[in-house]
Amino acid sequence: MATASNIRPGPTRAASLEQGAFVWSVALADAAKAAALAGILGFFFIGMKTDIAGDGLVLSYRWAALGHAVLIVFLGRLLLDALLGKAAPVTTQMLTAGIFIAGIAGIMTQDATGGSLPARALVGAVLGGLIVAVLYGVALWRRRPAPARAEATRQARFAIPIGIALVLLALTLPFLITTFLPGQQRQFIDLAILILTYVMLGWGLNIVVGLAGLLDLGYVAFYAVGAYSFALLSTCFPFIGFWSALPLAGMLAGMWGLVLGFPVLRLRGDYLAIVTLAFGEIIRVVLLNWVDFTNGPNGISGVPKPTFFGLEFSRGEGGFADFFGLEFSTIHRFIYLYYIILALAFLTNFVTLRLRKLPIGRAWEALREDEIACRALGINTTNTKLTAFGIGAMFGGLAGAFFATRQGFVSPESFTFMESAIILAIVVLGGLGSQMGVVIAATVMIGGIEMLRHISFVGQIFPGVDPVQYRMIIFGLAMVAIMIWKPRGFISRRNPSAVLKERKSIGADLVSQGEGH
Amino acid sequence: MSALLSVEGVAAGYGKITALHGVDLQIHAGEIVTLIGANGAGKSTLMMTICGSPQARSGRVVYDGRDITRQPTHLTMRQGIAQSPEGRRIFQRMTVLENLRLGASVVSPEYFDADLARMYDLFPRLKERESQRGGTLSGGEQQMLAIARALMGRPKLLLLDEPSLGLAPLIVRHIFEVIRELNQREGLTVFLVEQNAFHALKLAHRAYVMVNGRITMSGTGQDLLNNDDVRAAYLEGGRRETAGA
Numbered sequence: 001m002a003t004a005s006n007i008r009p010g011p012t013r014a015a016s017l018e019q020g021a022f023v024w025s026v027a028l029a030d031a032a033k034a035a036a037l038a039g040i041l042g043f044f045f046i047g048m049k050t051d052i053a054g055d056g057l058v059l060s061y062r063w064a065a066l067g068h069a070v071l072i073v074f075l076g077r078l079l080l081d082a083l084l085g086k087a088a089p090v091t092t093q094m095l096t097a098g099i100f101i102a103g104i105a106g107i108m109t110q111d112a113t114g115g116s117l118p119a120r121a122l123v124g125a126v127l128g129g130l131i132v133a134v135l136y137g138v139a140l141w142r143r144r145p146a147p148a149r150a151e152a153t154r155q156a157r158f159a160i161p162i163g164i165a166l167v168l169l170a171l172t173l174p175f176l177i178t179t180f181l182p183g184q185q186r187q188f189i190d191l192a193i194l195i196l197t198y199v200m201l202g203w204g205l206n207i208v209v210g211l212a213g214l215l216d217l218g219y220v221a222f223y224a225v226g227a228y229s230f231a232l233l234s235t236c237f238p239f240i241g242f243w244s245a246l247p248l249a250g251m252l253a254g255m256w257g258l259v260l261g262f263p264v265l266r267l268r269g270d271y272l273a274i275v276t277l278a279f280g281e282i283i284r285v286v287l288l289n290w291v292d293f294t295n296g297p298n299g300i301s302g303v304p305k306p307t308f309f310g311l312e313f314s315r316g317e318g319g320f321a322d323f324f325g326l327e328f329s330t331i332h333r334f335i336y337l338y339y340i341i342l343a344l345a346f347l348t349n350f351v352t353l354r355l356r357k358l359p360i361g362r363a364w365e366a367l368r369e370d371e372i373a374c375r376a377l378g379i380n381t382t383n384t385k386l387t388a389f390g391i392g393a394m395f396g397g398l399a400g401a402f403f404a405t406r407q408g409f410v411s412p413e414s415f416t417f418m419e420s421a422i423i424l425a426i427v428v429l430g431g432l433g434s435q436m437g438v439v440i441a442a443t444v445m446i447g448g449i450e451m452l453r454h455i456s457f458v459g460q461i462f463p464g465v466d467p468v469q470y471r472m473i474i475f476g477l478a479m480v481a482i483m484i485w486k487p488r489g490f491i492s493r494r495n496p497s498a499v500l501k502e503r504k505s506i507g508a509d510l511v512s513q514g515e516g517h
Numbered sequence: 001m002s003a004l005l006s007v008e009g010v011a012a013g014y015g016k017i018t019a020l021h022g023v024d025l026q027i028h029a030g031e032i033v034t035l036i037g038a039n040g041a042g043k044s045t046l047m048m049t050i051c052g053s054p055q056a057r058s059g060r061v062v063y064d065g066r067d068i069t070r071q072p073t074h075l076t077m078r079q080g081i082a083q084s085p086e087g088r089r090i091f092q093r094m095t096v097l098e099n100l101r102l103g104a105s106v107v108s109p110e111y112f113d114a115d116l117a118r119m120y121d122l123f124p125r126l127k128e129r130e131s132q133r134g135g136t137l138s139g140g141e142q143q144m145l146a147i148a149r150a151l152m153g154r155p156k157l158l159l160l161d162e163p164s165l166g167l168a169p170l171i172v173r174h175i176f177e178v179i180r181e182l183n184q185r186e187g188l189t190v191f192l193v194e195q196n197a198f199h200a201l202k203l204a205h206r207a208y209v210m211v212n213g214r215i216t217m218s219g220t221g222q223d224l225l226n227n228d229d230v231r232a233a234y235l236e237g238g239r240r241e242t243a244g245a
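In the order they appear, the protein sequences are chains A and B. In terms of the UniProt record's numbering, the first sequence opens at residue 1 and continues consecutively. In terms of the UniProt record's numbering, the second sequence opens at residue 1 and continues consecutively.
In structure tokens, the structure reads:
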């Protein structure tokens, strides 16, 4: 079987690294080669620069910058060889690391302009130290003993305590933020809400893509249906509040999931992906052009905020703060929104985990593995696919309704293909079918993009460089790196849904590694 | 005696290709019937046509007095037919236990524990491998799992498509022994499609030979074993000296 070979991990790279030892002359030659290449490649890109002057282009030369770049490559290559390449003695590793840090610090004093000379050297040293630390971490990780069983048990042993700790953290997060970061509380709670929205969307899509194995590139359509359902219901019928519209939005989105499910029942893989992609776009284009119904590109504003058992989060008489005798603060509403999305996300997770243990959930996973075998076992693949689409879409719709109430405004712009791509990337990077992986991936991706907005301090050191504009590149590189090191996502383990009671001690987690005996 | 399954003048194929040209075949309750033939003769197509995928273009498939020719596959599989498909088609990333549970999708959950114990009796190897993923099993173990998974559906008729494919002779013998045992002890009806003609014919009560989508010969397993044409076509090559054993 072709797939059998995919399951067993190949020999770890650490083993091949141990062959041979570090030789200075070889490493220096290697580094020189890399530096020469960098010099050739950078000759035009770094060494020369054209500026627009009064009467055309003026060529200026930046040989110092080119020299620095070559030097960084030379030292960096040496460091890489010492840390990640052949087995090098500790003294050599420390020596190369020292040279590298000193080199970076030296270049900083030359190149950078902001701050005093020692400050620049210090920043350079810290930067160099950081790079060395990261490389050292990678080296340690790659030289770890062969994973297999020991690691699996360790992971299993920590899985439950970590899970409990994360749940506690999620439950207390708003209060931690208001206590420790009072200055930026709104910003951070907003970010937490955003991350949780994507966690929920990721969990919803995980049912379709991760469990049932149906590649859906148009998941944002259901998110849009949910958001517009709530926006239209609440603005057309003022008596409908968030809590009564929420289930309706979920149902409507679920219904559209079934509507999409029917025509694509026969499709799989690439073909299914294309059709769902088209469906996502159709919904968006309809929302954009059906002006009478959706108000077109202007969107729908004035979507009501959620209430707490009828109490609005407003200043003065009858508001939430007034009722409970608190001092009014706008942050209350954000904390409330946070708990709503947390509850919705938990609901999604709970339902998914329960369904996985029921026949329908097992049928989803079997469908992902082998559709023909499913049919041969009497499983109705039509219903199985439709339920996966419907339930996944329903959770997307619930998240959409939440999105509408949080923003107070919906427009087709919020539901572009980019959203579908991000949600799918969360599911894939997290590890298909893994609930915990979705949490990690959503935090890293959504939180990471936001955090990269705050790296403008780099610009103070390198004038003329606006790092914020590079955040999508950094982000893309990070995704490529993850896919290289963890090709099956952050969490590639799969817990079996059926374990016999008396054999529980065997540990579901050994099993998922294919190592349980 | 009426047949448990009868295939009457069935023609079937994929797209423009017709793989079966009017096949007639009967399987009576309690029998082991084997269908032998070369690669591409249409054996697997016949088995899949019985299950309804692809559906027969003409002719009828009657099971237990009901016409199942145009019935969706999953309904047929709920009426007491189970299949161990060609290439085993184990759920690779799911454990042995989960595979068996999926096999029991069509029966009431109350039978599960007893049936599971029965499967572990038949194939003790599967008990050892219970929490291992299907894809990490050896070929023989996967075949045992495929048969056990089919049996978990409590079938009256078991369809086996090339259970000996790619397996060591010792394991083939073990699997055929289990089939014989199931047939004798529990009266399970078995329809076996095989290329390994020697073992299949020895095991079967009756046998059919298929060539290019047509049944060319039929008889008891022993008859066909002794038939010169069959020997020449399917049994030559190292088998002759053991044929008498």
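We treat Cβ as the ideally placed atom computed from N, Cα and C, and that holds for glycine.
Chain B residues whose Cβ lies nearer than 7 Å to that of residue i
i, result
"D370/A", "R89, F91"
"E365/A", "M94"
"G378/A", "H74, M77, R78, S105, V106, G153"
Residue i classed as buried or exposed, judged by whether at least 16 other C-beta atoms fall within 10 angstroms
i, result
"T91/A", "exposed"
"Y14/B", "exposed"
"G507/A", "Confidence at G507/A is low in this model, with a pLDDT of 39, below 50, so its placement is unreliable and the value that follows should be read with caution. Looking at its Cβ environment, which holds 16 or more other Cβ atoms inside 10 Å, G507/A is buried."
"L116/B", "buried"
"Y271/A", "exposed"
"K357/A", "exposed"
"Q110/A", "exposed"
"V208/A", "buried"
"H199/B", "buried"
"A29/A", "exposed"
"Q132/B", "buried"
"A19/B", "buried"
"G9/B", "exposed"
Chain-ordered neighbours of residue i on chain A, where CB pairs are closer than 8 Å
i, result
"residue 264/B", "This structure cannot settle anything about residue 264/B, because the visible part of chain B is limited to 1 through 245."
"L97/B", "P496, A498, V499, L500"
"R149/B", "L377"
Among the options, the one whose alpha carbon lies nearest that of residue i
i, options, result
"L248/A", "L59/A, L80/A, L260/A, A401/A", "A401/A"
"G87/B", "M48/A, A376/A, S411/A", "A376/A"
"F262/A", "I240/A, L337/A, T384/A, S116/A", "T384/A"
"G59/B", "V7/B, I90/B, V230/B", "V7/B"
"A82/B", "Y111/B, L35/B, M48/B", "M48/B"
"G65/B", "E31/B, T220/B, L4/B, H28/B", "L4/B"
"F323/A", "R333/A, T330/A, E312/A", "E312/A"
"L386/A", "G213/A, V291/A, Y470/A", "G213/A"
"L232/A", "S301/A, A421/A, S329/A, R368/A", "S301/A"
"P306/A", "I104/A, L66/A, S234/A", "S234/A"
"G153/B", "R129/B, L102/B, V230/B, A29/B", "L102/B"
"N99/B", "Q79/B, K127/B, E110/B, A207/B", "K127/B"
"Q407/A", "I360/A, P304/A, I335/A", "P304/A"
"I195/A", "L173/A, F180/A, L211/A", "L173/A"
"L140/A", "P161/A, L80/A, S116/A, A121/A", "L80/A"
"W63/A", "G42/A, D51/A, V73/A, G76/A", "G42/A"
"S164/B", "I27/B, A146/B, M77/B, L151/B", "A146/B"
Any non-hydrogen atom of the ligand PLP closer than 6 Å to residue i Cβ
i, result
"Y223/A", "What this structure holds is no ligand at all, so the ligand PLP is not there to describe."
Neighbour list for residue i in chain B, Cβ cutoff strictly below 8 Å
i, result
"I212/A", "The amino acid occupying residue 212/A in the given sequence is Ala; Ile does not appear at that position. Ordered by position in chain B, no residue passes the 8 Å Cβ test against A212/A, which lies about 13 Å from the chain."
"A373/A", "P85, R89, I90, F91"
Every unbroken beta strand (DSSP E) inside the region 133–220 of chain B [3 residues or more]: Here the runs fully enclosed are 157–161, 189–194, 206–211, 214–220.
Cβ-based contacts, 7 Å cut-off: residues of the region 99–127 of chain B near chain A: R101, L102, G103, S105, V106
Quick one, which residues of the region 75–88 of chain B are near chain A if we go by CB-CB under 7 Å, in chain order? Taking 7 Å as the Cβ-Cβ cut-off against chain A, the residues of the region 75–88 of chain B that qualify are M77, R78, Q83, P85.
Which complete beta strand (DSSP E) runs does the region 67–146 of chain B hold, if anything under 3 residues is left out? Whole beta strand (DSSP E) segments, 3+ residues: 81–84.
In chain order, what residues of the region 353–364 of chain A put their CB closer than 9 Å to some CB of chain B? P359, R362, A363
Could you tell me which uninterrupted beta strand (DSSP E) segments, each at least 3 residues in length, are contained entirely in the region 31–102 of chain A, listed from first to last along the chain? 48–53, 56–61
With 8 Å as the limit, tell me which residues of the region 247–266 of chain A have their beta carbon closer than that to any beta carbon of chain B; keep them in chain order. none
Which residues, in order along the region 40–67 of chain B, keep a beta-carbon less than 8 Å from a beta-carbon of chain A? Taking 8 Å as the Cβ-Cβ cut-off against chain A, the residues of the region 40–67 of chain B that qualify are C51, S53.
In the region 257–290 of chain A, which residue ranges form an unbroken alpha helix (DSSP H) of at least 4 residues, counting only runs that do not cross its ends? 269–289
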